[in-house]
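The structure appears below as structure tokens.
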Ligand code: MTE
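In this note's numbering, the protein residues as written are 529 to 845.
See the structure below:
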């Protein structure tokens, strides 16, 4: 596996913009061939997947009923654009997502800036049907397309001093009105994980959903998905990943430390200061659908509880 850092790349190898454009077209062509050759993902009903026939990720669940795609696409939290869920959906269409690269730095042997295409070529995409639980007490089930974050991190070889991972979202104030006016939160949006959480096989970077590419409003072209944590941890539009010795300062934790902890683990017994976390409204349900009982770690306790066995989850919320 060859990963070159900016420093290592001789100028003769720097991609000419025209070649880069052609390469993108080539990738699109490859995707089209895959569709023709391999059939349809079971989550797609009559629609074909742009990613081809994807294997299921470990822990992806077939027993969950999917939230309709239209609902997932039209009810979004994307505060760089708006605090209103419909407005953020439409305004997000202004985001420029192509070309896209991710800088990986800090406590790693192989820091560098990588084009998304180059990352994707080295990762095996899978479908992950996961529950997503927002701290606002609603939930949905999303068939993500993505790859293991741990597998990407292994490529850059974390040093033994890498204890935390910091994620930074894009800063594009021309497209993102709340960045331009510096509204409420500090921008860019920042999130973080402990290294064992980042390496956990449940943790993925998503590039698609419902067999399609990721809609801009849902975090295109690359977002984090950590299904046992509240949705605010699953940062959208990632441009930078840093491996750190010390925990990073994260956006919501800095804004309101009593309301949003660093961990953000779903926990029905730790209420938000202004509302209970005991139950949740399932998106896509009718007026008569009962609220769902929230589960510790969003139902993924069997896989993740051991990472927190020596911790007081009321303190480290
Ligand atoms: N990432 C960025 N960059 N900006 C945001 O405002 N909102 C978070 C998270 N990731 C957010 C973000 C919150 S609060 C939630 S609940 C989820 O995205 C929502 O993801 P969805 O809009 O795809 O449902």
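We put the beta carbon where it would ideally sit given N, CA and C, even for glycine.
Taking residue 596 as the centre and dropping the five residues before and after it, the same chain places the C-beta of 812 closer than 8 Å to its C-beta, in chain order. Taken atom to atom, the span from the alpha-carbon of residue 773 to that of residue 814 is near 47 Å.
Between the ligand MTE and residue 696, a heavy atom-to-CB distance of less than 7 Å is absent.
Residue 756: not part of any alpha helix (DSSP H); DSSP gives it neither H nor E. Straight-line measurement puts the Cα of residue 648 at about 19 Å from the Cα of residue 728.
The Cβ-Cβ distance between residue 714 and residue 752 does not fall below 8 Å.
At a cut-off of 3 residues, the continuous stretches assigned as beta strand (DSSP E) that sit fully inside the region 641 to 703 are 654 to 661, 666 to 676 and 692 to 697. The three-state reading of DSSP puts residue 835 in helix, counting H, G and I together.
Partner residues in the beta bridge of residue 768, as assigned by DSSP, are 631 and 696. In this structure residue 808 is buried. Its beta-carbon is surrounded by 16 or more other beta-carbon atoms within 10 angstroms.
One alpha carbon belongs to residue 739, the other to residue 623, and they sit about 21 Å apart. In this structure, the alpha-carbon of residue 682 lies about 9 Å from that of residue 636. C-alpha of residue 709 to C-alpha of residue 749: approximately 24 Å in a straight line.
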